[in-house]
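*Asks:* Under UniProt numbering, the first residue of the sequence shown carries the number 1, and numbering increases by one thereafter.
For reference, the structure I am asking about is given below.
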Amino acid sequence: MASRRSHLSPETATRVQPPAIDRQRAVARSAQAAPPPSELRPATRSFLFLQGPPGCLFRQLGDAMIKRGIAVHRINLSGGDRYDWPKGAVNFTGRFSDWAVFLDRFIREQEITDLLLFGDCRPYHVTAHGIAASRGVRIHVLEEGYLRPNWMTLERDGVNARSTLPRDKDWFVAQAQELPAEPGNPPVTASFRRRARDSYWYYHHVFTGRLRYPHYHSHRATPILKEGVGWLWRLATNKRRAAAAEKTLADLADKPFFLLPLQLSDDFQIKAHSSFPNMQSAAKYVVESFAANAPADLKLLIKAHPLDSSFFNWRRFFASQADRLGLTGRLYYVDGGDLDTMARLSKGMVCVNSTSATLALQHDRPVCAIGEAIYDIPGLTHQGHLDSFWSIPAPPEPGLYAAFRRVLVDRCLVRGGLASQSAVRTLIASMLERLGC
1 MASRRSHLSP ETATRVQPPA IDRQRAVARS AQAAPPPSEL RPATRSFLFL QGPPGCLFRQ
61 LGDAMIKRGI AVHRINLSGG DRYDWPKGAV NFTGRFSDWA VFLDRFIREQ EITDLLLFGD
121 CRPYHVTAHG IAASRGVRIH VLEEGYLRPN WMTLERDGVN ARSTLPRDKD WFVAQAQELP
181 AEPGNPPVTA SFRRRARDSY WYYHHVFTGR LRYPHYHSHR ATPILKEGVG WLWRLATNKR
241 RAAAAEKTLA DLADKPFFLL PLQLSDDFQI KAHSSFPNMQ SAAKYVVESF AANAPADLKL
301 LIKAHPLDSS FFNWRRFFAS QADRLGLTGR LYYVDGGDLD TMARLSKGMV CVNSTSATLA
361 LQHDRPVCAI GEAIYDIPGL THQGHLDSFW SIPAPPEPGL YAAFRRVLVD RCLVRGGLAS
421 QSAVRTLIAS MLERLGC
């Protein structure tokens, strides 16, 4: 990430580069290609669904569109896709090298007007994005919410570092002043058990469907069978891990600490939108900066990602780092608990580019992002180097986070979630409205 506050050397920073995007051109294209919902008559639209989040969301959203007179198509790439959308889909079983030609022909023959996909950096989706854009197809990208909880992100052309939203605090303030107050909404219900179940069965069928889809390669590095077992383990140990996290937080009650939320190493937020090859590299970098620059009384609380089923032993990893750097008694690791509470009690948050940073910002806690992030805006986050953050963290400017949040809700967020049926129903209704269906 070569910038005026680059956290790594220029040589290292060029190792991982995000997909290129001309933000000004994308904004203009979005404005021209996205007429008001009233002008997008259902009979003229034909949606193509690619991979979605594990579970029933995409299939049920497709059913709702069909009831509204919209043509719906689906291409399954793996056994997990087929499990989530078993009927009325086309199966792509060829090699990845054949994917672009197959998809381009499909878009032409089916007269596709809209493409919907979950995440824009998976190899199959990167190809689809380019092919669809060249055909003038509207591209809609669903992703985990920029705001947590209760929201998901649905944006035209790209999300996260590929979002067409400006990184200009004055723009956000001006836009927010033109908007009414954010509507009040009840919390979205969520169950870790539901999310774990959906993920387990998806990856189980990716594994068992290898004969039907012999050339499919997941974007995730963890072996599929191991990932499925990992989800069962997390489900079985969820309560115990949460209780241990509560005890650790109680131990930190009278101690100043910063918070480091881990991200998934398979997450393209790490691989495509940061200078780090994986989360282990990023975590080591943060801990070394902490050891060299943090005041002696300061602690660092590291929280595991709730969806990490990789079996990587993070506790041993951080114990080793503590021994190596003389940080025994200053590093705390938890695999569970409430991140919002931790953010509120902390002195600030360090992250690569996790959207969990918004939890800290809403409590006026300083945030330092060491990767590319949609919220990494002057005035909102610490713009100096990480080394200076431990002693002189820059808090968000008063009112700026509220303006940032209000614009996100208006422009690119959809209410709902994936962890309960009521959350999915809410999400489907929100997505239909956002898509103009």
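Heads up, the beta-carbon is just placed ideally off N, CA and C, and yes, glycines get one too.
Please list the segments of the beta strand (DSSP E) lying wholly inside the region 271–357, counting only runs of 3 or more residues, in order along the chain.
*Replies:* Those beta strand (DSSP E) runs which fall completely within the region 271–357 and span 3+ residues are 299–303, 331–334, 349–351.
*Asks:* Any contact of the region 243–254 with the region 214–231, i.e. 3+ C-beta pairs under 8 Å?
*Replies:* These segments do not touch.
*Asks:* Would you tell me roughly how many angstroms separate the C-alpha atoms of I370 and R82, rounded to the nearest one?
*Replies:* One C-alpha to the other measures close to 38 Å.
*Asks:* Under 8 Å between C-beta atoms, does A373 make it to chain B?
*Replies:* In the structure shown, chain B does not exist; there is a single protein chain.
*Asks:* Express the C-alpha separation of G326 and A291 in angstroms, rounding to a whole number.
*Replies:* Rounded to whole angstroms, A291 to G326 spans 8 Å at the Cα level.
*Asks:* Give every residue of the same chain whose Cβ lies closer than 7 Å to the Cβ of Q60, excluding the five residues on either side of it in the sequence, and list them in chain order.
*Replies:* Excluding sequence neighbours, Q60 sits near V424, I428.
*Asks:* Once the 5 residues before and after P256 are set aside, which same chain residues still bring their CB inside 6 Å of it?
*Replies:* These residues qualify, in order along the chain: L298, K347.
*Asks:* Out of Y146, V352, R122, L225, which has the shortest C-alpha to C-alpha gap to Q263?
*Replies:* Nearest option by C-alpha distance: V352.
*Asks:* Name, in chain order, the residues that DSSP records as bridge partners for D114.
*Replies:* Paired residues: F47, R138.
*Asks:* Cutting at 7 Å between CB atoms, please list the residues of its own chain near V137, excluding the five before and the five after it.
*Replies:* So the list reads I107, I112, T113, D114, L115, once near-sequence residues are dropped.
*Asks:* Apart from the five residues on each side of it in sequence, which residues of its chain come closer than 7 Å, Cβ to Cβ, to T358?
*Replies:* Once the five neighbours on either side are set aside, the close Cβ partners of T358 are Y146, L147, R148, Y375.
*Asks:* Does the beta-carbon distance from Q51 to Y124 come in below 8 Å?
*Replies:* Yes.
*Asks:* Threshold first: 3 residues or longer. Then list the beta strand (DSSP E) segments lying entirely within the region 137–209, N to C.
*Replies:* Fully enclosed beta strand (DSSP E) runs of 3 or longer: 138–144, 151–156.
*Asks:* In angstroms, rounded to a whole number, what distance separates the CA positions of V27 and E372?
*Replies:* Confidence in V27 is poor, its pLDDT being 42 and thus under 50, which makes the residue's placement too unreliable to answer from.
*Asks:* Is it the case that the Cβ atoms of F49 and I70 are separated by a distance below 8 Å?
*Replies:* Cβ atoms of F49 and I70: not closer than 8 Å.
*Asks:* Quick check: the Cα distance between N91 and R156, rounded to an integer number of angstroms?
*Replies:* Answer to the nearest angstrom: the Cα atoms are 26 Å apart.
*Asks:* Taking only three categories from DSSP, how would you classify E39?
*Replies:* Low confidence applies to E39: its pLDDT is 49, below 50, so where it sits in the model is not reliable, and the reading given next is rough at best. Reduced to three states, the DSSP call for E39 is helix.
*Asks:* L117 to A242, Cα distance in whole Å?
*Replies:* If you take the alpha carbons of L117 and A242, they lie about 33 Å apart.
*Asks:* Give the single residue among W85, Y202, F102, G337 whose Cα lies nearest to the Cα of T93.
*Replies:* Selected option, being the one with the closest Cα: F102.
*Asks:* With a floor of 3 residues, list each beta strand (DSSP E) that falls wholly inside the region 385–427, ordered by position along the chain.
*Replies:* For the region 385–427, whole beta strand (DSSP E) runs of length 3 or above, ordered along the chain, are 413–415.
*Asks:* Roughly how many angstroms lie between the CA atoms of I270 and G119, to the nearest whole one?
*Replies:* Their backbone Cα atoms lie some 13 Å apart in a straight line.
*Asks:* As a quick exercise: from S430, R434, G436, C437, pick the residue whose alpha carbon is nearest that of N185.
*Replies:* Among S430, R434, G436, C437, the Cα nearest to that of N185 belongs to S430.
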